[in-house]
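Residue numbers (the numbering used here), protein chains in the order written: chain A, 7 to 383; chain B, 60 to 233; chain C, 427 to 568; chain D, 56 to 427.
By construction, the Cβ of each residue, glycine as well, lies at the ideal position given by its N, Cα and C atoms.
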Amino acid sequence: MYLAIFITFVKIFIIFSGVMLTVAYLSLFERKWAGRIQVRYGPMRCGGLWGHGWLQPFADGLKLFIKEDIIPDEADAPLFVLSPIIILTIAIVTFTVVPFAPGFIVSDLNIGILFILSISSLGIYGIVMAGWSSNNKYSLLGGLRSAAQMLSYEIPLGLAVISGLMFAGSLSMVDITTVQSGSLFRIIPEWLLPRWIVFYQPVAFFIFLVCMLAETNRLPFDLPEAETELVAGFHVEYSGMKFSMFFMAEYANMILVSSVAVTLFLGGWNSPTFPLWLLMSLPVLLYALYKGIWRKFFTVVFLLGTGILLLEIFQDIRIPIFWFVIKVIIFLFWFIWVRWTYPRYRYDQLMHICWYWLLPLALINIIVTGFIKFLFM
Amino acid sequence: MNNEKNVLDELKGKFGEDITETSEFAGDLTAAVRPSKWVEILNFLKIESKDKYDYMSDLCGVDHNDRNPRFDVVVHLMSTGNFKRVRIKTQVEEDEELDTLSEIWKTANWHEREAFDLLGIRFKDHPNLERILLPDDFLGHPLRKDYPLKAEESAKKQEELRAALKGEKVEADG
Amino acid sequence: MNLGTIFLNDLRKGLAVTIKHFFSKPFTIRYPEEKRELAERFRGVQYLKIDEEGLPLCNACSMCAKVCPTGAIKVVAAKEKIDGKRRVPETFDIDLTRCMFCLFCEESCPSGAITMGHEFETSALSREECMRNYEQLNKGNK
Amino acid sequence: MVKVRELTLNMGPHHPATHGVLRIILLLNGETIEDSKPVIGYLHRGIEKIAENLSYHQFMPYTDRLDYLAAPSNNLGYVLAVEKLAGLEIPKRAQYIRIIITELTRIASHLVWIGTHALDLAAMTVFLYCFREREMILDLFEMYCGARLTTNTFRIGGVPYDLKDDFIKKTLEFTDYFPPCVDDYEKLLTKNRIWMKRTKEVGFLSREDAINYGVSGPTARGSGLDWDIRRDSPYSSYDEMKFHVPVYPEGDVYARYLVRMEEMRQANEIVKQAIKALEGSEGLLAENAPKKGLKKIKKAPEGEVYHAIEAPKGELGFYIHSKGDSNPYRLKIRAPSFVNLSSISTMIKGNLIADVVAVIGSIDIVLGEIDR
Chain A
7 MYLAIFITFV KIFIIFSGVM LTVAYLSLFE RKWAGRIQVR YGPMRCGGLW
57 GHGWLQPFAD GLKLFIKEDI IPDEADAPLF VLSPIIILTI AIVTFTVVPF
107 APGFIVSDLN IGILFILSIS SLGIYGIVMA GWSSNNKYSL LGGLRSAAQM
157 LSYEIPLGLA VISGLMFAGS LSMVDITTVQ SGSLFRIIPE WLLPRWIVFY
207 QPVAFFIFLV CMLAETNRLP FDLPEAETEL VAGFHVEYSG MKFSMFFMAE
257 YANMILVSSV AVTLFLGGWN SPTFPLWLLM SLPVLLYALY KGIWRKFFTV
307 VFLLGTGILL LEIFQDIRIP IFWFVIKVII FLFWFIWVRW TYPRYRYDQL
357 MHICWYWLLP LALINIIVTG FIKFLFM
Chain B
60 MNNEKNVLDE LKGKFGEDIT ETSEFAGDLT AAVRPSKWVE ILNFLKIESK
110 DKYDYMSDLC GVDHNDRNPR FDVVVHLMST GNFKRVRIKT QVEEDEELDT
160 LSEIWKTANW HEREAFDLLG IRFKDHPNLE RILLPDDFLG HPLRKDYPLK
210 AEESAKKQEE LRAALKGEKV EADG
Chain C
427 MNLGTIFLND LRKGLAVTIK HFFSKPFTIR YPEEKRELAE RFRGVQYLKI
477 DEEGLPLCNA CSMCAKVCPT GAIKVVAAKE KIDGKRRVPE TFDIDLTRCM
527 FCLFCEESCP SGAITMGHEF ETSALSREEC MRNYEQLNKG NK
Chain D
56 MVKVRELTLN MGPHHPATHG VLRIILLLNG ETIEDSKPVI GYLHRGIEKI
106 AENLSYHQFM PYTDRLDYLA APSNNLGYVL AVEKLAGLEI PKRAQYIRII
156 ITELTRIASH LVWIGTHALD LAAMTVFLYC FREREMILDL FEMYCGARLT
206 TNTFRIGGVP YDLKDDFIKK TLEFTDYFPP CVDDYEKLLT KNRIWMKRTK
256 EVGFLSREDA INYGVSGPTA RGSGLDWDIR RDSPYSSYDE MKFHVPVYPE
306 GDVYARYLVR MEEMRQANEI VKQAIKALEG SEGLLAENAP KKGLKKIKKA
356 PEGEVYHAIE APKGELGFYI HSKGDSNPYR LKIRAPSFVN LSSISTMIKG
406 NLIADVVAVI GSIDIVLGEI DR
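Below, the structure written as structure tokens:
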């Protein structure tokens with residue numbers, strides 16, 4: 007009993023510090039990757055001899071920590087202080103039900119996915135409170151925008167999750183993951199395609215991808231912040247540590263939704279078997295020979311594939327956490343890649359996409375899924 | 060060349076005495092007109108003249124502080140049909156108001172505000188005759204030739220004008 | 427709406443462009459360590475040339491001071507002449523807070539003395555550091 | 056009973072998307088703009104007053120500071136106006152050199168425009184790509200005249216330097232390098248659905264309003280006004296160049312975007328043609344130009360001139376009233392951005408806040424020129 011509690015505490019500690027460290031370094035990697043996309047270096051100073059700014063997150067953290075903590079005169083002070091705390095707490099609490107590896111989960115709730123949905127939607131309160139309590143017109147507009155946006159996008163997000171769940175047959179995150187081991191349709195051999203929900207539910211996966219961006223306020227859906235319109239949106243008046251809490255919450259949320267997407271659609275900790283990598287790498291290598299600009303990218307993919315193949319041959323390194331982290335990193339890279347490529351949608355267009363396209367698409371997807379499941383399975 | 064002359068001739072033929080002077084210099088056609096017919100002539104040029112000078116490039120004031128009608132107001136027009144240009148100008152006295160062109164061209168709005176701001180030429184019936192480049196509490200009109208150039212003198216002038224303004228207010232109250 | 431739109435061709439093209447640049451070499455340079463190569467005609471802070479014998483070319487004619495649009499140059503001729511006939515400046519001050527590096531001083535100089543050099547890192551913490559006097563301007567000759 | 060109140064929102068002068076120090080006071084109903092009032096003048100330096108107290112020659116560097124993204128264009132406009140006043144005949148080679156430099160300027164200015172415009176709509180990466188290309192153009196400027204931004208490129212009566220072979224080689228390299236770069240920007244923006252949604256049917260300005268507001272340049276051509284001073288009243292040998300003037304009648308932000316994208320390609324072509332025309336041409340200074348390094352015009356003839364050129368932003372006109380002195384009696388700068396900006400209230404009425412930044416970006420303003 008005590009041992010179990012102790013182990014849980016250890017897990018919490020590891021996951022919490024892991025998440026915080028990832029958040030810190032994600033901010034660095036976002037800047038580095040954005041820099042590379044924009045043909046520049048990104049941070050290069052911090053980190054002494056090693057260079058390439060590897061100490062930048064700590065320098066940033068230190069700077070934000072020792073900055074003056076400003077509460078505007080006209081602001082509603084209690085709410086103003088409370089809202090970043092709410093946002094950050096909620097972003098971190100949700101990691102309790104994320105299964106990083108078999109047994110490596112703080113609490114395997116049998117309603118895990120519902121827990122994530124319900125807790126993360128509380129984050130809206132933080133943003134609305136921040137927007138309102140700052141007593142600034144820009145942040146008020148940002149707060150209103152984010153309330154509307156996050157509430158709206160929660161619906162297609164939930165529906166996309168439901169169509170995934172119809173295959174998994176369980177709400178527990180661990181069950182969802184274990185269901186996805188095995189072969190696709192039980193006909194296609196496992197070494198060809200793994201039994202991941204994304205292959206059954208590509209439409210739901212697509213909807214989830216779009217809603218992920220909207221839920222985390224990332225471009226092209228970063229309207230609550232929208233630097234060029236609302237200066238900084240809901241956190242216009244925040245500075246120092248409070249600002250950094252918003253910042254950390256944003257990145258923690260990115261990691262969270264990536265983890266959920268990985269668990270729900272990409273098989274969680276399940277490893278793709280080696281022939282998949284070979285099969286994926288070879289054709290794209292050929293493709294790259296035709297298309298010059300993709301060559302480098304696919305060469306990297308191929309080398310990665312080969313590297314993993316070697317790992318598998320030399321040692322049975324089916325470490326689930328490794329696969330989980332790799333998948334999450336791919337998602338995070340995708341987040342950053344998209345952010346530095348696209349312009350931003352306008353507020354009304356954002357709503358239009360949600361209610362006119364994503365919602366009907368998600369509903370139709372559920373109905374079709376239901377029919378197929380009823381007829382064939 | 061002949062065609063271009065026609066604009067000035069056309070104006071002279073139509074308005075006669077109200078065109079006080081026409082000239083041509085370096086290919087630019089200029090017609091000086093009486094301020095009383097200012098709007099009428101420009102309206103004619105925009106709508107009825109042969110070339111239809113429907114595009115107003117520019118409006119500006121020129122300060123001749125040694126002359127009796129102190130200011131020139133100069134307008135540059137262009138025709139979007141054949142891209143010919145003509146310059147129309149008129150003379151305004153310091154305490155006189157010139158009819159606004161903002162009814163004819165919306166672009167005149169800002170140009171006239173600028174002329175008012177920098178030179179103090181006032182325009183009658185202008186919808187929004189406020190300072191445009193200088194701050195609202197600025198006094199005087201710096202593009203006038205008698206406005207001091209140096210910073211210290213300019214500041215002194217500002218103070219003088221402010222004091223004068225206050226004095227007027229006190230008098231008005233009294 | 428065609429097939430390309432449904433399959434997000436437009437968005438994919440954008441991603442292709444950014445990933446192409448992701449793998450290309452950065453264009454920027456790391457400034458204080460690496461420095462740009464300046465063009466031959468680069469207009470930096472002025473210096474005063476000297477002739478082969480090491481005597482100043484400037485004969486304090488004040489043409490540069492006259493042509494300077496901002497009045498940044500102040501020249502006063504020395505009372506004593508070199509060799510009894512060549513005038514040299516006693517003071518030659520350039521106020522870099524006013525100078526706008528327009529090249530007019532160099533163009534107008536009849537004896538080819540004042541020249542725009544390649545010094546461009548002129549940040550300073552005080553106004554005094556932005557002034558260049560005769561000695562400092564002579565130092566531009568390496 | 057719900058009480059509806061309008062919200063007054065102050066945008067600028069230090070808002071990230073107002074391109075400098077423009078300030079717009081918006082009257083909002085929700086996020087819809089009911090009314091707006093641009094406030095300018097935060098960068099007023101009294102350049103026209105300065106001109107009255109300097110000689111014609113000395114005023115040259117000040118024109119750099121008008122539209123500081125296209126300094127050679129301003130130089131050209133001013134120089135042409137003074138030459139018109141003084142009646143100078145410019146030799147052919149000098150004219151071609153002027154064309155090469157000003158067309159490179161047009162590309163550089165449009166690159167900053169597309170970069171900042173995309174940045175306002177949050178496509179930040181385009182901004183960096185554009186600045187990479189602009190940097191190459193600035194290197195060319197540095198090679199030609201020694202400065203990158205405030206170039207002070209031309210002189211009254213001609214140009215100060217001949218083009219070196221090295222410069223011509225580098226310029227030709229650039230003209231080959233540049234079109235694929237424009238293709239890249241277009242891949243990121245032109246057909247991108249988000250970009251189209253943000254720019255199409257936003258900030259509408261009809262042809263009538265464009266004429267009425269005196270809008271010029273690419274902004275007017277985006278409203279269907281088929282007018283380019285380079286083509287319609289050519290100056291500086293532009294009549295020898297073959298180029299296409301893009302005109303789009305839609306009058307929205309997207310149309311203005313297309314116009315400028317095409318203009319960059321056309322400017323690139325003009326540079327190539329001008330370099331070709333350079334061969335065998337002669338003369339850098341006018342015969343009757345004030346000799347010895349074009350020091351100053353001692354005395355200009357009495358009279359008034361107005362000369363307009365097609366600057367990257369639109370019609371840049373210099374009106375010079377001379378009383379026969381060595382300095383202008385009155386010099387008025389008809390700044391294209393100033394006039395184009397006055398139409399902004401019409402364009403953004405009824406749109407949303409997010410459209411304001413799109414519209415400001417699309418009319419390509421430079422506050423140095425507006426406030427003078």
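Judged by DSSP in its simplified three-state form, B:Thr-79 adopts strand. In this structure, the CA atom of D:Arg-427 is about 12 Å from the CA atom of B:Ile-191. About 5 Å separates the CB atoms of D:Leu-422 and D:Leu-98; that is less than 8 Å, so the two are in contact. With the rule of 3 Cβ pairs closer than 8 Å, the stretch 330-342 of chain A does not count as touching the stretch 221-239 of chain D. Sequence-ordered contacts of the stretch 343-375 of chain A with chain C read Trp-343, Val-344, Trp-346, Thr-347 and Tyr-348 [C-beta pairs closer than 8 Å].
Ranked by how close their Cα comes to the Cα of C:Tyr-560, the residues C:Pro-482, C:Arg-553, C:His-447 and C:Thr-431 have C:Pro-482 in first place.
Less than 8 Å divides the Cβ of C:Arg-553 from the Cβ of C:Thr-523.
Between A:Ser-158 and A:Trp-361, the beta carbon gap of about 7 Å places them in contact (Cβ cut-off 8 Å).
Ranking B:Leu-220, B:Tyr-206 and B:Lys-216 by CA distance to the CA of D:Asn-108 puts B:Tyr-206 first.
Under the 10 Å beta carbon count, D:His-69 is surrounded by fewer than 16 other beta carbons and is classified as exposed. The beta carbons of A:Tyr-257 and A:Ser-33 sit closer together than 8 Å. A:Ile-359 and A:Tyr-351 have their C-alpha atoms some 10 Å from each other. The three-state secondary structure of D:Gly-213, taken from DSSP, is strand.
Taking each of D:Gly-379, D:Leu-407 and D:Trp-282 in turn and checking the Cα distance to B:Asn-141, the smallest one comes out for D:Trp-282. Within the stretch 134-200 of chain B, the runs of alpha helix (DSSP H) that reach at least 4 residues and sit entirely inside it are, in chain order, 167-178.
In this structure A:Met-7 is exposed. Its beta-carbon is surrounded by fewer than 16 other beta-carbon atoms within 10 angstroms. Between the stretch 405-418 of chain D and the stretch 174-193 of chain B there are fewer than three inter-stretch CB-CB distances shorter than 8 Å, so the stretches are not counted as touching. For D:His-362, the enclosing beta strand (DSSP E) starts and ends at 357-366. Judged by beta-carbon spacing, D:Arg-253 lies beyond the 8 Å limit of D:Ser-278, meaning their Cβ atoms are not closer than that value. The stretch 62-120 of chain D is shown to contain whole beta strand (DSSP E) runs of 3 or more residues at 62-66, 78-84 and 87-94, in chain order.
Looking only at C:Glu-460, C:Phe-527 and C:Gly-538, the smallest Cα-Cα distance to C:Met-489 is reached by C:Gly-538. For the stretch 139-150 of chain D, residues whose beta-carbon sits nearer than 7 Å to a beta-carbon of chain B comprise Lys-139, Leu-140 and Gly-142. Within chain A, the residues Trp-343 and Thr-347 have their CB atoms less than 7 Å from the CB of C:Leu-441, given in chain order.
Interface with chain C (8 Å Cβ-Cβ cutoff): A:Ile-43 is included.
At the C-beta level, A:Phe-106 and A:Trp-275 come within 8 Å of one another. Inclusion of D:Arg-315 and D:Val-300 in the CB contact set at 8 Å is not warranted, their separation being larger than that value. Taken through DSSP and simplified to helix, strand or coil, C:Glu-547 comes out as coil. Contact between D:Ile-325 and D:Ile-154 holds: CB atoms are separated by about 7 Å, below the 8 Å threshold.
In its chain, beyond the 5 residues on either side, Met-135 have a beta carbon closer than 7 Å to the beta carbon of A:Leu-88. Taking A:Met-254 as reference, the option from A:Ser-187, A:Met-156, A:Leu-236 and A:Asn-223 with the minimal CA-CA separation is A:Asn-223. For C:Met-542, the secondary structure class from DSSP, reduced to helix, strand or coil, is strand. For A:Met-218, the nearest beta carbon of chain C is not closer than 8 Å to its own beta carbon. For C:Lys-500, the enclosing beta strand (DSSP E) covers residues 499-503. In this structure the stretch 200-216 of chain A does not lie against the stretch 133-150 of chain A, because fewer than three pairs of beta carbons, one per stretch, are closer than 8 Å.
Secondary structure at A:Thr-234: helix, using DSSP grouped into helix, strand and coil. In this structure, A:Phe-249 is the residue among A:Gly-149, A:Gln-62, A:Thr-269 and A:Phe-249 with its C-alpha nearest to the C-alpha of A:Glu-74.
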